[in-house]
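Down below is the structure, laid out as structure tokens.
Numbering (this note's numbering), first residue to last: 33 to 425.
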């Protein structure tokens, strides 16, 4: 299947555009085009979301509900959010659009010896922008098998454009709802034995001569949610020699259970807790990947990465996301107006991912629809650190 108006494959050779793919989708296509090791997948473009909303006839009603909404009236925002998301999730996707998504999913599955689980990730047009940080505001779902689950959770991602958190953020930052759209990434999962984040500066002080890496066992959600304390390493960006390191407790890991077809939390034994979860070679490889991303994007980067359990050592480091850092870049830009420092809002703080707690409750009032249709497989993260599972072989 070739890329088209409604579907764009990471490796389809089509120029990535934010308005078509959203922030996350555009980044993944860009990284794939640059030859970076990205797990394969495709993007359900904003054109499909826009057409769905148009044919469902609910866009005007949404604008009415959001007009004059007070962001300080959380109860009313929750009520409006739940109503909008229920409306989106209850409407059928037109057959002609659904058929193209099914074909894309089957094309992705044909690349492997047997069907593999995927992650379905929201990719809004208003995320990862120079002056906005939307981390955790839209949904991501892990370990989905079969198109029935994938199709349903694509629609759930569409609905998450209107979580309470996202609505309030846009209202408080004067981001208009008109023109907003949502793309959705469908990506093969990574079987992560170790995962984490890296920043091409020291988030404690903005020192761009350093690289900071956080790492823990298994899928990265436990780090994002603050359930575990990761290893934290600061390296010299030129020599890649560790300057400081803190061995985190890492008492638990989230790992795939093939029999249960889900993620399970498992205790980490004392010996593994007490040692760094990355070898010297792996630590250096993560730092090199971060530097490569910074060189490609020409500004400080905040990357998500994973070491795949199923791939051989040396070929198992995968890049899951790269976005511009900004807390310090923006400060420097504002204070010194130095060209090339970027102007971005970081989603990390002090080396620990996500300054906002990820939405995992599945409670519409909390700003997360969770799993709108009961009984469907899938693990809702509601955070940016996702797709950390089974990688391309």
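Just so it is clear, CB atoms sit at the ideal spot from N, CA and C, and this is done for glycine as well. In this text, all values refer to a predicted model and were calculated from it rather than measured experimentally.
Coil, strand or helix - residue i by DSSP
i           : result
residue 179 : helix
residue 15  : Within the shown structure, residues of the chain are numbered from 33 to 425, placing residue 15 beyond reach of any answer.
residue 313 : helix
residue 303 : helix
residue 279 : coil
residue 354 : strand
residue 268 : strand
residue 174 : strand
residue 116 : helix
residue 284 : strand
residue 19  : Outside the modelled stretch of the chain, which goes from 33 to 425, sits residue 19, for which no answer is possible.
residue 35  : coil
residue 145 : coil
residue 250 : strand
residue 345 : coil
residue 289 : strand
Cutoff 7 angstroms; reference residue i; Cβ partners in own chain excluding five residues on either side
i           : result
residue 51  : 78, 157
residue 53  : 40, 61, 75, 77, 155, 215
residue 353 : 56, 59, 335, 336, 416
residue 281 : 260, 261, 305
residue 185 : 152, 173, 176, 410
residue 129 : 38, 80, 83, 84
residue 45  : none
residue 296 : 287, 289
residue 64  : 42, 43, 70
Cβ-based neighbour list, residue i, same chain, cut-off 6 angstroms, excluding 5 preceding and 5 following
i           : result
residue 135 : 33
residue 139 : 33
residue 194 : 113, 116, 117
residue 342 : 223
residue 272 : 316, 319
residue 120 : 190, 191
For residue i, the first and last residue of its enclosing alpha helix (DSSP H)
i           : result
residue 94  : 91-98
residue 128 : 127-141
residue 299 : Unbroken run through residue 299 is the beta strand (DSSP E), 294-299; no alpha helix (DSSP H).
residue 84  : 78-88
residue 339 : Here residue 339 belongs to no alpha helix (DSSP H); instead the beta strand (DSSP E) covers 333-340.
residue 199 : 196-204
Span of the beta strand (DSSP E) around residue i
i           : result
residue 213 : From DSSP, residue 213 is part of no beta strand (DSSP E); its letter is neither H nor E.
residue 153 : 150-156
Cβ neighbours of residue i in the same chain (closer than 8 angstroms, five flanking residues each side left out)
i           : result
residue 36  : 132
residue 300 : 249, 282, 283, 284, 285
residue 368 : Legend: pLDDT at residue 368 = 42, less than 50; position of this residue unreliable, value from coordinates given subsequently. The answer is none, since no qualifying residue turns up.
residue 226 : 247, 248, 249, 250, 309, 310, 314, 338, 339
### Query
Per the contact definition of three or more C-beta pairs closer than 8 angstroms, is the region 232-251 in contact with the region 198-209?
A contact is defined here as three or more CB-CB pairs under 8 angstroms, and the region 198-209 fails this definition with respect to the region 232-251.
### Task
Report yes or no: do three or more beta-carbon pairs, one from the region 312-326 and one from the region 241-249, lie closer than 8 angstroms?
Output reads yes: the region 241-249 touches the region 312-326.
#### Entry: beta strand (DSSP E) runs wholly inside the region 215-246, at least 3 long, in chain order
Complete beta strand (DSSP E) runs here, min 3: 224-231.
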